[in-house]
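Take a look at the structure below.
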Amino acid sequence: MDGAASNGHLNAVKWLHAHRDEGCTTDAMDSEAANGHLKVVQWLHRNRSEGCTKKAMDSAAENGHLEVVQWMHWNRSEGCTTSAMNGAASKRFGHPAVVRWLRSNRSEGCTTNAMDGAAANGNLQMMQWLHENSVVGCSSAAMDSAADLGRLDILEWLHVKQLAECTTLAMDSAAANGHLQVLKWLHANQSDGHTTKAIKDAAAGG
24 MDGAASNGHL NAVKWLHAHR DEGCTTDAMD SEAANGHLKV VQWLHRNRSE
74 GCTKKAMDSA AENGHLEVVQ WMHWNRSEGC TTSAMNGAAS KRFGHPAVVR
124 WLRSNRSEGC TTNAMDGAAA NGNLQMMQWL HENSVVGCSS AAMDSAADLG
174 RLDILEWLHV KQLAECTTLA MDSAAANGHL QVLKWLHANQ SDGHTTKAIK
224 DAAAGG
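Numbering-wise, our numbering comes out as the position in the sequence shown, counting from 1, plus 23.
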């Protein structure tokens, strides 16, 4: 039943429920929520007693399934963790509607992983929203990731807002990827410098 549920096969789930006695585990609802199959989630809620874990709402949020997140908020008691907002903020293009809803309706909030993840995907708009609406901030990973991507705009924004410093990984990554303008900016504005790897990688790339 777990397998049928995870793939959204509601008719198969119903048949197994009626004709077999193995039942399912919390993985059934967890995976359905993660995949956005709200109708199956609702059926399991009405007809099975296994329930779900916090992973259900966390995964639904991470994958941008706002309707599922909202339904679970109003109909289930498991709740979520900071992984919900972290995941929604960290996806490649982010899920701003989910992040905003969680901020307004849940108390778990997020950790530095949210802004760090947004930086790793070059999502400055999400980073700016998190800065304005959360007190958590980010870690040096945000600046290191921006340097790796060659995103000078993100580096400058983090620097102006005094949100984070970088590590030697920033200049090493910028050198390895040939981001000359980023290298110059880091040299002028950051004190961590680089390792010999930066010089070797820059030389290897011409």
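Backbone N, C-alpha and C fix where the C-beta goes; we use that ideal spot for every residue, glycine too.
Measuring alpha carbon to alpha carbon, tell me which of the options ends up nearest residue i.
i: Arg-174; options: Leu-206, Glu-155 and Asn-98; result: Leu-206
i: Ala-211; options: Thr-49, Gly-26 and Glu-179; result: Glu-179
i: Asn-34; options: Leu-67, Lys-184, Ile-177 and Ala-79; result: Leu-67
i: Gln-93; options: Asn-30, Thr-191, Val-121 and Thr-105; result: Val-121
i: Trp-152; options: Cys-133, Met-166 and Ser-163; result: Cys-133
i: His-40; options: Asn-30, Asp-53 and Asp-25; result: Asp-25
i: Ser-82; options: Ala-170, Lys-114, Ala-193 and Arg-43; result: Lys-114
i: Met-52; options: Asp-44, His-42 and Asn-70; result: Asn-70
Per DSSP, what kind of secondary structure is residue i in: helix, strand or coil?
i: Leu-186; result: coil
i: Arg-174; result: coil
i: Ala-225; result: Because the pLDDT of Ala-225 is 46, which lies under 50, any placement of that residue in the model is unreliable, and the question is left without a value.
i: Asn-146; result: coil
i: Asn-86; result: coil
i: Leu-39; result: helix
i: His-32; result: coil
Which same chain residues, not among the five before or five after residue i, have their C-beta less than 8 Å away from its C-beta?
i: Gly-160; result: Thr-135, Met-138, His-154, Leu-186 and Ala-187
i: Ser-162; result: Thr-135, Asp-139 and Ala-187
Report all residues from its chain with a CB closer than 6 Å to the CB of residue i; omit the five preceding and five following residues, and keep chain order.
i: Met-149; result: Ala-112, Gly-117 and Ala-141
i: Gly-145; result: Leu-172 and Arg-174
i: Ala-169; result: Ala-142, Ile-177 and Leu-178
Give me, in chain order, the residues of the same chain whose beta-carbon lies closer than 7 Å to that of residue i; leave out the 5 immediate sequence neighbours on both sides.
i: Thr-49; result: Glu-73, Gly-74, Cys-75 and Thr-76
i: Asn-109; result: Cys-133, Thr-134, Asn-136, Ala-137 and Gly-140
i: Asn-128; result: His-96
i: Ala-226; result: For Ala-226, the predicted structure reports a pLDDT of 45, less than 50, and the residue's modelled location is therefore unreliable. The matter cannot be settled from this model.
i: Gln-204; result: Leu-175
i: Asn-86; result: Ala-57 and Gly-59
Can you check the stretch 106 to 131 for any alpha helix (DSSP H) of at least 4 residues that lies completely inside it and give the ranges in chain order? 119 to 128
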